[in-house]
Amino acid sequence: MDKAALVSGIAKLATAGQQAGLTVEQMMGLLNAGLGVEDLMEVIAWRLEQPKPLAPIVSSSGSVV
């Protein structure tokens with residue numbers, strides 16, 4: 542895969558995540574915690590399909606997920 546295609550794909554994923562109410566930092570945290578990219582895409586898709594905006598998810602440490 543060429544670098545331009547990879548950068549474009551990451552940008553699209555970040556944009557979709559932000560539209561679903563997730564920050565880039567939250568998505569990176571989920572990936573670093575072991576969530577796979579496909580699973581992250583499913584979470585984003587699920588959040589986008591909800592009829593109303595979802596409240597941010599707050600982890601037990603108090604950080605927004």
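Throughout the sequence shown, residue numbering follows this note's numbering, covering 542 to 606 in sequence.
Yeah, the Cβ is synthetic: ideal placement off N, Cα and C, and Gly gets one too.
Residue burial classification, G558 (beta-carbon count within 10 angstroms, cutoff 16): buried
Exposure of M582, with buried meaning 16 or more beta-carbon neighbours within 10 Å: M582 is exposed by the Cβ-count criterion.
I585 vs L563 beta-carbon contact at 8 Å: Cβ distance < 8 Å, so I585 and L563 count as in contact.
Of the listed residues M542, Q560 and M569, nearest to E590 (C-alpha basis): Q560
Spatial neighbours of V578 in its chain, beta-carbon cut-off 8 Å, leaving aside the 5 residues before and after: Answer for V578: L554 and L572, listed in chain order.
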